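A.B. asks: Each residue of the sequence shown is one higher than the one before, starting from 20 at the first, in this note's numbering.
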Amino acid sequence: MEAPLRAEEIEKVLTGQRLGRKIHYFSALDSTNLYARKLAEEGALEGEVVVAESQTGGKGRLGRSWVSPPNLNLYLSVILRPKLLPLHAPQITLMAAVALAETVQCFIPLPAEIKWPNDILVGGKKLAGILTESSCDPGKILFVILGIGVNLNFPKELMPEAIRESATSIMALTGKPVNRSEFTLRLIQNLEQCYGELEEGGFSFLAERWAGFFRLKGKRVRVQMLEQAILGKAMGIDIDGALILEDERGVSQRIIAGEVIPMES
Ligand code: BTN
């Protein structure tokens, strides 16, 4: 049986920080994002964190579910109250992707990759995902729930067949279990740092580091959107987090949401 996450000890180390001073820890929840939303609506402060050892209704992007077995991985949501225009809310996902990729890189020697907009891949397989949900008034973000799921000590054999080929975990990559509390602490510290930089200088402060993890630059991709797909070359992102795609006529397109699928070149 895996050691439980040491939420109280993590909280102690983070005393005086903005993120993680208060950690709401559960052995099981439906979804940490749902619980964090409820807390935020009741007035929780910026930086409060919700962590669960398992989720019965873990949510992924595009209405998918997030496989959340007990005591193996990390399921975490942070309440943020950024002073950003709603238009710039996607920058929170980009900022979190940098913090998450840098954290992953502290625990594995293989290169981590950001798959726009919200996945962290290693060796082409999904290690972690980000689900950002915002609540806005006209012209103002009330709060953002930044939800992060990371496969830490998830053995391949326990992964459901549907994800066994496409997913990975830190343990599957290194052959050794990772200390989940250490990973969680490092992640919250990196988020604090990157969030501060975003606030101070805007996304341009983080853009270069983001680009360092974007390994599809210049590669041919298919972007699947709700009703259509576009083929082209992935060029990078703009300041608002849109993917810049050079389509087959050589025209630059801004993609706001979609699934990027690399193509054989
Ligand atoms: C994705 O890649 O589709 C996003 C996955 C996000 C999963 C995390 S786990 C913690 C938080 N709570 C949820 O219900 N979802 C996010």
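Cβ coordinates follow ideal geometry from the N, Cα and C atoms, glycine included. A quick note: this is a predicted structure, and the numbers were derived from the prediction, not measured.
Would you check if there are 3 or more beta carbon pairs closer than 8 Å linking the stretch 192 to 212 to the stretch 29 to 45?
C.D. replies: Yes: the two stretches touch, three or more of their Cβ pairs being nearer than 8 Å.
A.B. asks: Where does the unbroken alpha helix (DSSP H) through T112 begin, and where does it stop?
C.D. replies: As a working note, residue 112 is residue 93 in the sequence shown. First-last of the alpha helix (DSSP H) with T112: P109 to F126.
A.B. asks: Count Cβ pairs between the stretch 73 to 89 and the stretch 137 to 152 that sit closer than 8 Å; are there 3 or more?
C.D. replies: They touch, by the three-pair rule.
A.B. asks: Please report the distance separating the alpha-carbon of L129 from that of A120.
C.D. replies: For this step, residue 129 is matched to residue 110 along the sequence shown. For this step, residue 120 is matched to residue 101 along the sequence shown. The straight-line gap from Cα to Cα measures roughly 11 Å.
A.B. asks: Note down the Cα distance separating E62 from E267, rounded to an integer number of angstroms.
C.D. replies: Taking the first residue of the sequence shown as position 1, residue 62 is located at position 43. Taking the first residue of the sequence shown as position 1, residue 267 is located at position 248. Here residue 62 turns out to be Gly, not Glu, going by the sequence shown. If you take the alpha carbons of G62 and E267, they lie about 48 Å apart.
A.B. asks: Per DSSP, which one or two residues make a beta bridge with K134?
C.D. replies: Working through the sequence shown from its first residue, we reach residue 134 at position 115. For K134, which the question treats as bridged, DSSP gives the partners D138.
A.B. asks: Just checking N52 against ligand 1 - is the residue's beta carbon closer than 6 Å to any of the ligand's heavy atoms?
C.D. replies: Translated into positions along the sequence shown, residue 52 becomes position 33. Because some heavy atom of ligand 1 lies under 6 Å away, the Cβ of N52 counts as near it: yes.
A.B. asks: Might you give, ordered along the chain, the residues of its own chain that have their beta carbon closer than 8 Å to the beta carbon of V5, omitting 5 neighbours on each side?
C.D. replies: Nothing about residue 5 can be reported from this structure: the residues present for the chain run from 20 to 284 only.
A.B. asks: Going by CA-CA distance only, name the one from D257, G251, G221 and T75 that's closest to I280.
C.D. replies: Here residue 280 refers to the residue found at position 261 when the sequence shown is read from its first residue. Ranking D257, G251, G221 and T75 by Cα distance to I280 puts G251 first.
A.B. asks: Can you have a look at P18 and say buried or exposed, based on whether 16 or more other CB atoms are within 10 angstroms of its CB?
C.D. replies: Because the chain spans 20 through 284 in this model, residue 18 falls outside it and cannot be assessed.
A.B. asks: Along the chain, which unbroken stretches of the beta strand (DSSP E) at least 3 residues long are found entirely within the stretch 34 to 60?
C.D. replies: Fully enclosed beta strand (DSSP E) runs of 3 or longer: 42 to 45.
A.B. asks: Can you tell me whether P101 is buried or exposed, with buried defined as 16 or more other CB within 10 angstroms of its CB?
C.D. replies: Position 82 of the sequence shown holds residue 101. Classification of P101: buried, given that the 10 Å Cβ count is 16 or more.
A.B. asks: Going by C-alpha to C-alpha distance, which of N92, L245 and F224 sits closest to D257?
C.D. replies: Position 238 of the sequence shown, counted from the start, is the residue given in the question as residue 257. Measuring from the Cα of D257, the nearest candidate turns out to be F224.
A.B. asks: Kindly indicate which residue of Y54, N198 and G76 has the alpha-carbon position closest to the one of V68.
C.D. replies: Position 49 of the sequence shown, counting from 1, holds the residue named residue 68. Residue Y54 is the option with its Cα nearest to V68.
A.B. asks: How would you label A253, buried or exposed, when you count the other beta carbons within 10 angstroms and need 16 or more for buried?
C.D. replies: Residue 253 sits at position 234 when you count from the first residue of the sequence shown. So A253 ends up on the buried side.
A.B. asks: So what's I265 in DSSP terms, helix, strand or just coil?
C.D. replies: For the purposes of this step, residue 265 is identified with residue 246 of the sequence shown, where counting begins at 1. At residue 265 the sequence reads Glu, which differs from the Ile that was named. Strand at E265.
A.B. asks: Could you tell me the boundaries of the alpha helix (DSSP H) in which K145 lies?
C.D. replies: The residue given as residue 145 occupies position 126 in the sequence shown. Segment K144 to D156 is the beta strand (DSSP E) holding K145; no alpha helix (DSSP H) there.
A.B. asks: Can you tell me which of L33, E21 and P23 puts its alpha carbon nearest to the alpha carbon of Q212?
C.D. replies: Within the sequence shown, residue 212 is the residue found at index 193, counting from 1. It is L33 whose Cα lies nearest to the Cα of Q212.
A.B. asks: What whole-angstrom Cβ distance do A230 and R241 have, given they're in contact under 8 Å?
C.D. replies: Locating residue 230 in the sequence shown gives position 211, counting from the first residue. Locating residue 241 in the sequence shown gives position 222, counting from the first residue. Actually they do not touch by this definition, with Cβ atoms about 21 Å apart.
A.B. asks: Excluding the 5 residues flanking L113 on each side, which residues of the same chain have their C-beta closer than 8 Å to its C-beta?
C.D. replies: What you label residue 113 is simply residue 94 of the sequence shown in a count that begins at 1. Only P136, F222, L225, W229, I256 and G260 meet the Cβ criterion.
A.B. asks: What are the partner residues of G285, as DSSP defines its beta bridges?
C.D. replies: Outside the modelled stretch of the chain, which goes from 20 to 284, sits residue 285, for which no answer is possible.
A.B. asks: Judging by CA-CA distance, which residue of R234, V197, S96 and S271 is the nearest neighbour of Y44?
C.D. replies: Taking the sequence shown and counting its residues from 1, one reaches residue 44 at position 25. When each option's Cα is compared against that of Y44, the closest is S96.
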